[in-house]
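Here the protein sequences come in this chain order: A and B.
Take 1 as the starting number for the first sequence in my numbering and just add one per residue.
Take 1 as the starting number for the second sequence in my numbering and just add one per residue.
Some notes on the structure that comes next.
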Amino acid sequence: MKRVNILFGLIGIALGLYVFAVTATFPDDAIMKIGPGFFPRILAVALVLFCLVLIIQNLAGKGEKGESGFDIKDPGVHRSALVLLITVLYAVIIPFAGFVAASVIYLFILMYLMKLRKWIQMIAVSTGVSFAIYFIFSVLLKIALPQGFLS
Amino acid sequence: MNFELLLQGFANILFGKALIMVFLGVIGGILVGSLPGLTATMGIALLVPFTFGLPINESMGMLLGIFSGAIFGGSISAILIRTPGTPAAAATLLDGYPMAKRGEAGRALSMSVFASFIGGFTGALIMSFLAPQISKVALKFGAAEYFALAFFGLSIIISVSGNSIIKGIIAGLFGLLISTIGFDPISGFPRFTFGQMDLFEGPAFIPTLIGLFAFSEVFKGVETIVEKQQVVSKLTRFLPEWKDIKASWIDILKSSILGTFIGSIPGAGSDIAAFVGYSEAKRRSKTPEKFGTGMIEGVAAAESANNACTGGAMIPMLSLGVPGDAVTAVLLGAFVIQGLQPGPLLYRDHIDVVYNVFAAMMIANIVMFIVGALGVRIFAKVITINRNILIPAIFVLSVVGSFSMRNSMFDVGVALFFGVVGYFLNRFNFPASPILLALILGPMAESNLRRALVISDGSPLVLVTRPISVALLVLGVLSLVSSIIKQRKSQKASV
Numbered sequence: 001m002k003r004v005n006i007l008f009g010l011i012g013i014a015l016g017l018y019v020f021a022v023t024a025t026f027p028d029d030a031i032m033k034i035g036p037g038f039f040p041r042i043l044a045v046a047l048v049l050f051c052l053v054l055i056i057q058n059l060a061g062k063g064e065k066g067e068s069g070f071d072i073k074d075p076g077v078h079r080s081a082l083v084l085l086i087t088v089l090y091a092v093i094i095p096f097a098g099f100v101a102a103s104v105i106y107l108f109i110l111m112y113l114m115k116l117r118k119w120i121q122m123i124a125v126s127t128g129v130s131f132a133i134y135f136i137f138s139v140l141l142k143i144a145l146p147q148g149f150l151s
Numbered sequence: 001m002n003f004e005l006l007l008q009g010f011a012n013i014l015f016g017k018a019l020i021m022v023f024l025g026v027i028g029g030i031l032v033g034s035l036p037g038l039t040a041t042m043g044i045a046l047l048v049p050f051t052f053g054l055p056i057n058e059s060m061g062m063l064l065g066i067f068s069g070a071i072f073g074g075s076i077s078a079i080l081i082r083t084p085g086t087p088a089a090a091a092t093l094l095d096g097y098p099m100a101k102r103g104e105a106g107r108a109l110s111m112s113v114f115a116s117f118i119g120g121f122t123g124a125l126i127m128s129f130l131a132p133q134i135s136k137v138a139l140k141f142g143a144a145e146y147f148a149l150a151f152f153g154l155s156i157i158i159s160v161s162g163n164s165i166i167k168g169i170i171a172g173l174f175g176l177l178i179s180t181i182g183f184d185p186i187s188g189f190p191r192f193t194f195g196q197m198d199l200f201e202g203p204a205f206i207p208t209l210i211g212l213f214a215f216s217e218v219f220k221g222v223e224t225i226v227e228k229q230q231v232v233s234k235l236t237r238f239l240p241e242w243k244d245i246k247a248s249w250i251d252i253l254k255s256s257i258l259g260t261f262i263g264s265i266p267g268a269g270s271d272i273a274a275f276v277g278y279s280e281a282k283r284r285s286k287t288p289e290k291f292g293t294g295m296i297e298g299v300a301a302a303e304s305a306n307n308a309c310t311g312g313a314m315i316p317m318l319s320l321g322v323p324g325d326a327v328t329a330v331l332l333g334a335f336v337i338q339g340l341q342p343g344p345l346l347y348r349d350h351i352d353v354v355y356n357v358f359a360a361m362m363i364a365n366i367v368m369f370i371v372g373a374l375g376v377r378i379f380a381k382v383i384t385i386n387r388n389i390l391i392p393a394i395f396v397l398s399v400v401g402s403f404s405m406r407n408s409m410f411d412v413g414v415a416l417f418f419g420v421v422g423y424f425l426n427r428f429n430f431p432a433s434p435i436l437l438a439l440i441l442g443p444m445a446e447s448n449l450r451r452a453l454v455i456s457d458g459s460p461l462v463l464v465t466r467p468i469s470v471a472l473l474v475l476g477v478l479s480l481v482s483s484i485i486k487q488r489k490s491q492k493a494s495v
């Protein structure tokens, strides 16, 4: 946990410094005196300060005890990274393939990754859920979902 | 309170499609609440998109139904499979699960329905009486008071969530920074938009929320593959026995009132209310040592307190525009999407809507009682649904939900981005609730702070020379400092 906390602290400080640098380019408000950069700047300073506290705490060994439980070699972590990638792909192909077609395939792949192997159940669930969501949103709620080549 | 308007509100909800929506909302709420792995916040975030296309009364009815249902629903899985469906049900588990193990799941669940109903209804009643009064006071609030209120709400949620106050503060600041993305509310200058048109109004609220509370959870969820869980005992009854009600009615009433007031503190949520109600019942009991072994009073106290909290949390949300907890923060966002900005002005400009909310809240609790009592067997089956099917479905719902607000794939990207951020924050013990509250309170804090400073000609003294403002600021700082001290002590004790 210690090293991770220090890393988070450094990211926070970098974010704070970045915000501070960007606010320098904001225009001053001649009439109101307090311009658009005022509030973000306060937040940036506070963020840097508290991240320093977090780092110092952890360097002094006073941070939380225990391990973070995050292991980059854990197959579970690999699975969530893979799911993230597939979800991005899913979002990209929805406008082309249409919501239903994309979702059927997506759901099937995700269930496969979740170690389901009952093929009939998987096909039934992926088509059923996709059509149900499409029906509720597009037909009942009149929120148009992309139809893709099915349109 | 105006009875005529309240009656009108009842009529509006009961004799219209709104009642159906309340029913659907309650059913959906109990479902998401009872499914382990779907917290009430996440459930509501996923269900809010269903209300986008509805007229205001119907969408409100549905939202309040979801809210009430979800908090009760958490108790079903807490009692049956020892997994609180929502954090609010963690206290219910203490005595509910031992009861189920003894074969008394029906007794525990029927008491949970009953206590939730009494608690929720009491909360709604107190809300209807108090919220208009508070909004009257709030109409006199100036910019300094509103800034102080936002600060107070944020410090409370930081003090109660997570193990590390420093991390909570950092999370809160991160949320506040996100809230500054987009047009500056006063000068109109676009900030941190990277030239992206889609970011001119800031990252959209619902997609951000779905990212932080739904995507982040399912990304964590796919890491472990869990076997199907079994329900320990059969359900034989729907309504609590008279002797159980007699044994615990004092605890129910006490918890209902306690829960409402805890809920009404901005930042303090139903999980805390449930534990306070539970320990109060334990303190009052003649046999406190038996708590934790399956005392019906424990279930009754915890459940009435956490449902009473719903009404309580609505008080600051409606009358001040400051959400009482993470779930009401989501509700507030949903109201804004419907074009209503909660706060004292809502009472001035849309008093009819306010009374519809009061009526809908009470009706939602009655509906929750009916659905909960009759449907408990079905819900008990649902919670054992295979998680490996459920998680993929939540992914699809999260994508649809973030897309549907503005028909925008950009928003799906926003949700995924915050999903990854939320996943890592969660992984490393940064609480997500302060981020959510900061997103709601950030714009309020910023514009009021700047307004106050403009009025005072730049002197920050304006914040500490007005009594209400200084009191709120001091209370906020105190709650942070006291929880840091408490944390220090418990760390020393554990070394």
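Glycine is no exception: its CB is placed at the ideal position from the N, C-alpha and C atoms.
Strictly by DSSP, which residues pair up with residue i?
i, result
"B/Phe-215", "In the DSSP output, where bridge partners are listed per residue, B/Phe-215 has none listed."
"B/Phe-183", "B/Pro-190"
Against chain B, does residue i count as a neighbour if the rule is that its beta carbon must be under 8 Å from one of theirs?
i, result
"A/Ser-151", "Because the pLDDT of A/Ser-151 is 49, which lies under 50, any placement of that residue in the model is unreliable, and the number read from its coordinates should be weighed accordingly. No, no contact with chain B."
"A/Phe-50", "yes"
"A/Arg-117", "no"
"A/Lys-73", "no"
"A/Val-100", "no"
"A/Pro-40", "yes"
"A/Phe-96", "no"
"A/Ile-157", "Given that chain A is displayed from residue 1 to residue 151, the structure contains no residue 157 of chain A and the question cannot be resolved."
"A/Val-139", "no"
"A/Lys-2", "no"
"A/Leu-85", "no"
"A/Gln-57", "yes"
"A/Phe-20", "no"
Grab me the residues of residue i's own chain with a C-beta within less than 6 Å of its C-beta, minus the 5 sequence neighbours each way, in chain order.
i, result
"B/Ala-334", "Val-48 and Leu-63"
"B/Ala-88", "Ile-71, Gly-74, Ser-270, Asp-271, Ala-274 and Asn-306"
"B/Val-32", "Leu-38, Gly-43 and Ala-70"
"B/Val-322", "Leu-149, Gly-153, Pro-266 and Pro-316"
"B/Tyr-355", "Leu-5, Leu-6 and Gly-9"
Kindly list the residues whose CB is nearer than 8 Å to the CB of residue i, restricted to its own chain and excluding five residues on each side of it in sequence; keep chain order.
i, result
"B/Glu-227", "none"
"B/Ala-45", "Ile-206, Leu-209, Ile-210, Phe-213, Ala-214, Val-330 and Gly-401"
"B/Ile-76", "Ile-30, Gly-33, Ser-34, Gly-85, Leu-109, Ser-112, Val-376, Phe-379, Ala-380 and Ile-383"
What is the residue span of the alpha helix (DSSP H) that residue i lies within?
i, result
"B/Val-270", "It is Ser, not Val, that sits at residue 270 of chain B in the sequence shown. Residues 270–284."
"B/Leu-436", "433–455"
"B/Asp-349", "344–349"
"B/Lys-136", "105–138"
"A/Val-125", "119–134"
"B/Thr-328", "326–337"
"A/Lys-2", "2–23"
"B/Phe-410", "409–427"
"B/Asp-251", "242–264"
"B/Lys-17", "17–34"
"B/Asn-2", "Neither: B/Asn-2 is in no alpha helix (DSSP H) and is coded neither H nor E."
"B/Glu-58", "56–81"
"B/Gly-202", "Element bounds for B/Gly-202: n/a, residue is neither H nor E."
Compare the C-beta of residue i with all C-beta atoms of chain C and state if any pair is closer than 8 Å.
i, result
"B/Glu-446", "No chain C appears in the structure shown, which is made up of the protein chains A and B."
Under a CB-based cut-off of 8 Å, is residue i close to chain A?
i, result
"B/Val-470", "no"
"B/Gly-224", "Contrary to the premise, residue 224 of chain B reads as Thr rather than Gly in this sequence. Taking Cβ atoms only, chain A reaches closer than 8 Å to B/Thr-224, which makes this a yes."
"B/Ile-351", "no"
"B/Leu-47", "no"
"B/Leu-209", "no"
"B/Ile-436", "The displayed chain sequence assigns Leu, not Ile, to residue 436 of chain B. No, B/Leu-436 does not count as interfacial toward chain A."
"B/Ile-464", "First, the residue type needs correcting, since residue 464 of chain B is Val and not Ile in the sequence shown. Chain A, which has no Cβ nearer than 8 Å to the Cβ of B/Val-464, makes this no."
By Cβ distance, which residues of its chain are closer than 7 Å to residue i, with the 5 residues on each side in sequence left out?
i, result
"B/Phe-219", "Gly-419 and Tyr-423"
"B/Ser-285", "Phe-291 and Glu-297"
"B/Ile-186", "Ser-447 and Arg-450"
"B/Leu-475", "Phe-152"
Against chain A: residues of the stretch 144–167 of chain B by CB proximity under 8 Å: Listed by position, the residues of the stretch 144–167 of chain B near chain A (Cβ gap below 8 Å) are Asn-163, Ser-164, Ile-166 and Lys-167.
Contact set between the stretch 174–189 of chain B and chain A, restricted to residues whose Cβ is under 8 Å from the partner: Phe-174, Leu-176, Leu-177, Thr-180, Asp-184, Ile-186, Ser-187 and Phe-189
Near-chain A residues of the stretch 364–395 of chain B (beta-carbon distance less than 9 Å), N- to C-terminal order: Answer in chain order: Asn-386, Arg-387, Asn-388, Ile-389, Ile-391, Pro-392, Ala-393 and Phe-395.
Residues from the stretch 394–412 of chain B in contact with chain A, defined by Cβ distance under 8 Å: Phe-395, Val-396, Leu-397, Val-399, Val-400, Phe-403, Ser-404, Asn-407, Met-409 and Val-412
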